[in-house]
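Read through the structure below, which is laid out as structure tokens, and then see the notes.
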Amino acid sequence: MKRGRFITVEGIEGAGKSSIMAAIVESLEHRGLTVCATREPGGTALAERVRAIVLEPGAETISSTTETLLMFAGRGIHLDNRVRPALAAGSWIVCDRFTDATRAYQGAGRGVSSDFIESLARAVHGDLVPDVTLLVDVPVGLGLTRARSRGNAADRIEAETVAFFERVRAHYLSLAANEPRRFRVIDGMQPLEQVRLAACRAVLDYVDAQGNTAS
68 MKRGRFITVE
78 GIEGAGKSSI
88 MAAIVESLEH
98 RGLTVCATRE
108 PGGTALAERV
118 RAIVLEPGAE
128 TISSTTETLL
138 MFAGRGIHLD
148 NRVRPALAAG
158 SWIVCDRFTD
168 ATRAYQGAGR
178 GVSSDFIESL
188 ARAVHGDLVP
198 DVTLLVDVPV
208 GLGLTRARSR
218 GNAADRIEAE
228 TVAFFERVRA
238 HYLSLAANEP
248 RRFRVIDGMQ
258 PLEQVRLAAC
268 RAVLDYVDAQ
278 GNTAS
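At position 130 of the sequence shown (counting the first as 1) the number is 197 in my numbering, and the numbers step up by one without a gap.
Okay, structure coming up:
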């Protein structure tokens, strides 16, 4: 049985990742592929409990280092119980965020050492790297306006400053520039339908290049 493929979708708040992921899943399933959509932090019942610790505001503080450790704890649970078994069974994983998000948010945003983050990445997922990463890029002002127009109470990260998100966005773009074979940058300022089409086209181009179909 062929190993499945690992696709991640990255971007700041308000980039439209949820809608884009749904379109990608539909496109892959139309090709006859088995697809598992998931997210980080979270993705399993236990990992979602870690997500709540990380994101829900509360009376106790969480340091940047502790936040990073929690992200990787949730990631390890998610990988062990959902991602690795699905890949081994031949499923394609479409994941809302992965370690690139930690590099951008905890690394560039919070100022956590990149050496520390990479040491945790090696320990938790070793050589497991996404096959394709879509970075849906939007200016910070637009992304935050979209995110805050939903009417939901901001979580611990969504409540951060514009300067924080500017650092996150800049680092995402730097990661994409440094790994052009893995990353596909999608212009998130386009109308939503065009963003969806661009994202699906990027993924299906990869599928065609790999000859991966169920037929």
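C-beta atoms are modelled at their ideal positions from N, C-alpha and C, and glycine is treated no differently.
Bridge partners of residue i, per DSSP?
i    : result
V203 : I253
V161 : I74 and A104
Grab the span of the alpha helix (DSSP H) containing residue i for me, first residue to last.
i    : result
E260 : L259 to Q277
Y239 : V229 to N245
In this structure, does DSSP put residue i in helix, strand or coil?
i    : result
S282 : Annotation note: pLDDT 43 at S282 (below 50); position unreliable, no value reported.
G338 : The displayed coordinates of the chain run from 68 to 282. Any statement about residue 338 would go beyond what the structure contains.
R60  : The question about residue 60 has no answer here: the residues shown for the chain are numbered 68 through 282.
K69  : coil
A226 : coil
Considering only residues of the stretch 86-159, which uninterrupted alpha helix (DSSP H) runs meet the minimum length of 4 residues and lie entirely inside it, listed in chain order? Secondary structure in the stretch 86-159: the alpha helix (DSSP H) runs of 4 residues or longer, each lying completely within the stretch, are 112-122, 131-145 and 151-155 in chain order.
In chain order, which continuous runs of the alpha helix (DSSP H) of length 4 or greater are located wholly inside the stretch 177-224? Segments of the alpha helix (DSSP H) lying fully in the stretch 177-224: 181-192 and 207-215.
The stretch 71-84 / the stretch 209-222 touching (three or more Cβ pairs under 8 Å): By the criterion of at least three beta-carbon pairs nearer than 8 Å, the stretch 71-84 is in contact with the stretch 209-222.
Just checking, does the stretch 93-106 make contact with the stretch 259-277 on the three C-beta pairs under 8 Å criterion? The count of Cβ pairs closer than 8 Å, one atom from the stretch 93-106 and one from the stretch 259-277, reaches three, so the stretches are in contact.
With contact counted as at least three CB pairs below 8 Å, one residue from each stretch, are the stretch 139-149 and the stretch 108-123 in contact? Yes, since at least three Cβ pairs between the stretch 139-149 and the stretch 108-123 fall closer than 8 Å, the two stretches touch.
Could you check whether the stretch 151-165 touches the stretch 101-108, counting it as contact only if at least three pairs of C-beta atoms, one from each stretch, sit closer than 8 Å? Contact annotation: the stretch 151-165 touches the stretch 101-108, with at least three C-beta pairs closer than 8 Å.
Inter-stretch contact (C-beta, 8 Å, three-pair minimum) for the stretch 124-138 and the stretch 174-181: The way I'd put it, the stretch 124-138 does touch the stretch 174-181; three or more beta-carbon pairs between them come closer than 8 Å.
Touching or not, the stretch 196-204 and the stretch 254-269, by the rule of three or more beta carbon pairs under 8 Å? Touching, yes, given that three or more Cβ pairs across the two stretches are closer than 8 Å.
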